[in-house]
Amino acid sequence: MAVAIAATRERREGETRCAVTPETVKKLIALGATVTVEAGTGLGSSIPDADYAAAGAAVKPDTRAVLDGADIVLKVRGPTAQETSALKPGAIVIAMLDAWRDKATVEALTGANATAFAMEFVPRITRAQVMDVLSSQANLAGYRAVIEAAYAYGKGFPMMMTAAGTVAAAKCFVMGVGVAGLQAIATARRLGAVVTATDVRPATKEQVESLGAKFLAVEDEEFKNAQTAGGYAKPMSPEYQAKQAELTASHVVKQDIVITTALIPGRAAPVLLTAAHVASMKPGSVIVDLAVEAGGNVEGSKLNEVVTTPNGVTIVGWSNLPGRIAADASALYARNLSAFVGLMIKDGVLAVDLEDEILKAAVVTHGGAVVHEGVGG
Numbered sequence: 001m002a003v004a005i006a007a008t009r010e011r012r013e014g015e016t017r018c019a020v021t022p023e024t025v026k027k028l029i030a031l032g033a034t035v036t037v038e039a040g041t042g043l044g045s046s047i048p049d050a051d052y053a054a055a056g057a058a059v060k061p062d063t064r065a066v067l068d069g070a071d072i073v074l075k076v077r078g079p080t081a082q083e084t085s086a087l088k089p090g091a092i093v094i095a096m097l098d099a100w101r102d103k104a105t106v107e108a109l110t111g112a113n114a115t116a117f118a119m120e121f122v123p124r125i126t127r128a129q130v131m132d133v134l135s136s137q138a139n140l141a142g143y144r145a146v147i148e149a150a151y152a153y154g155k156g157f158p159m160m161m162t163a164a165g166t167v168a169a170a171k172c173f174v175m176g177v178g179v180a181g182l183q184a185i186a187t188a189r190r191l192g193a194v195v196t197a198t199d200v201r202p203a204t205k206e207q208v209e210s211l212g213a214k215f216l217a218v219e220d221e222e223f224k225n226a227q228t229a230g231g232y233a234k235p236m237s238p239e240y241q242a243k244q245a246e247l248t249a250s251h252v253v254k255q256d257i258v259i260t261t262a263l264i265p266g267r268a269a270p271v272l273l274t275a276a277h278v279a280s281m282k283p284g285s286v287i288v289d290l291a292v293e294a295g296g297n298v299e300g301s302k303l304n305e306v307v308t309t310p311n312g313v314t315i316v317g318w319s320n321l322p323g324r325i326a327a328d329a330s331a332l333y334a335r336n337l338s339a340f341v342g343l344m345i346k347d348g349v350l351a352v353d354l355e356d357e358i359l360k361a362a363v364v365t366h367g368g369a370v371v372h373e374g375v376g377g
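In full-length UniProt numbering, the protein residues as written are 1 to 377.
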């Protein structure tokens, strides 16, 4: 019997993306699977039900009918309680589970005896690049952050020379140079801004400069060793943070746009801009906090709100920037998922090898237990 794959409509507030597209429906069917999609799954990404049907998927209006007998369930966010209750025992759920923070969903999946994989835990190794949802979504988030900043900013980004005089280029400061930060730098440069960027990882200096931006950091001995083997930033000492804060304080005063992107896996986002930093900025300046969902890099940012401070600084705190470019975000995420599913289906048969280094790193629940050390500990 063919492997049954199901995708349901996203029900988490503000989630416009979807886990399958007509393109990936065809890819999944080519693996030897059947695909069932809940009606309305692609509406937020401008994908009508008819396009799924034309690609070979069965489209059903009822959630339980979609999930009935499904071997693999594909989601953007973790399933709701209603969806979890409809899973067959042993069903595989693949989603961005936010497993470190969303303990309730992890517990529900454990209780349902589901084998759940968190796509945010896919290791950043060469073999898994095509499955790296953090990179695919962060790339779009970095781009969209600049677009949001440009929308909120009351002036133009590029220098413009006119008969009536010259318009100065905006000054944009990007804090945190991962995938999102690099795309934010590239986008701000394309719009004509003068860009500076900072990160605690020394390897990012060359990347920043290659994009035509200026690198800003306290480059001491701690800075030289501030990166994990996996390429993530290490938590910095209070002494280093104080020196970096002093450098930041003298720099942000001059900036028109600040975009913060710093995240540390499994921890609250580090505070990069204090209330004092924000208070020192010029009226009309804009800050976009990409880490707001993890507690925020900016003191005073609020989840899913745009705040204007007493001194006239706008702080943008949208939590799901990729969802604001849903069609492209869904296309990339669905390709990540289809590649991940490809590890589990061999010759049309479900064959999940939990010793595979990618699956082993990403599995959170299995056999009625939490099996991911970082989540269970």
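Beta carbons: idealized from backbone N, C-alpha and C, even for Gly. Bear in mind the structure is a predicted one, so any value in this text is a computation, not a measurement.
- How far does the beta strand (DSSP E) with E15 in it reach, from first residue to last? Here E15 belongs to no beta strand (DSSP E), and DSSP marks it neither H nor E.
- Query: Under the rule that 16 or more other beta-carbon atoms within 10 Å means buried, what is M131, buried or exposed?
  - Reply: buried
- Message: I need the boundaries of the alpha helix (DSSP H) containing H251, first residue and last residue.
- Response: 238–252
- Item | Residues that K60 bridges to, as DSSP identifies them | E38
- the stretch 135–145 touching the stretch 315–324, judged by at least three CB pairs closer than 8 Å: yes
- Residue ranges of each beta strand (DSSP E) run of no fewer than 3 residues wholly in the stretch 105–177, ordered along the chain? 115–118, 160–162, 165–167, 171–175
- Query: From which residue to which residue does the alpha helix (DSSP H) around L332 run?
  - Reply: 326–341
- In chain order, what residues of the same chain lie with their CB nearer than 7 Å to the CB of L263, ignoring the 5 residues before and after it? A269, A291, A294
- Can you tell me whether DSSP reads T24 as helix, strand or coil? helix
- Exposure label - N336; buried when at least 16 CB within 10 Å: buried
- S45 to E10, Cα distance in whole Å? 11 Å
- In the DSSP assignment, what residue or residues form a beta bridge with F215? A197
- Tell me which same chain residues have a C-beta within less than 8 Å of the C-beta of P238, skipping the five on either side of it? none
- Query: CB I72 to CB I29, shorter than 7 Å?
  - Reply: no
- What are the start and end residues of the alpha helix (DSSP H) that includes I264? Segment: none, I264 is in no alpha helix (DSSP H) and carries neither H nor E.
- Query: Which one of G374, E373, V363 has the shortest CA to CA distance from A114?
  - Reply: V363
- Would you report the Cα separation of R190 and L354, rounded to the nearest angstrom? 44 Å
- Query: Are the stretch 305–319 and the stretch 46–57 touching, with three or more C-beta to C-beta distances below 8 Å?
  - Reply: no
- Tell me, to the nearest whole angstrom, how far the beta carbon of L343 is from that of L359; I am working on the premise that it is less than 8 Å. 6 Å
- Message: Judging by CA-CA distance, which residue of V133, V76, Q183 is the nearest neighbour of V122?
- Response: V133
- Going by other Cβ atoms of all chains shown within 10 Å of its Cβ, with 16 needed for buried, is M281 buried or exposed? buried
- Message: Quick check: the Cα distance between V200 and E221, rounded to an integer number of angstroms?
- Response: 11 Å
- Query: What is the DSSP secondary structure of R189, reduced to helix, strand or coil?
  - Reply: helix
- Per-residue DSSP class, three states only, for A291: coil
- Message: Taking a contact to mean a Cβ-Cβ separation below 7 Å, would you say A145 touches V288 in this structure?
- Response: yes
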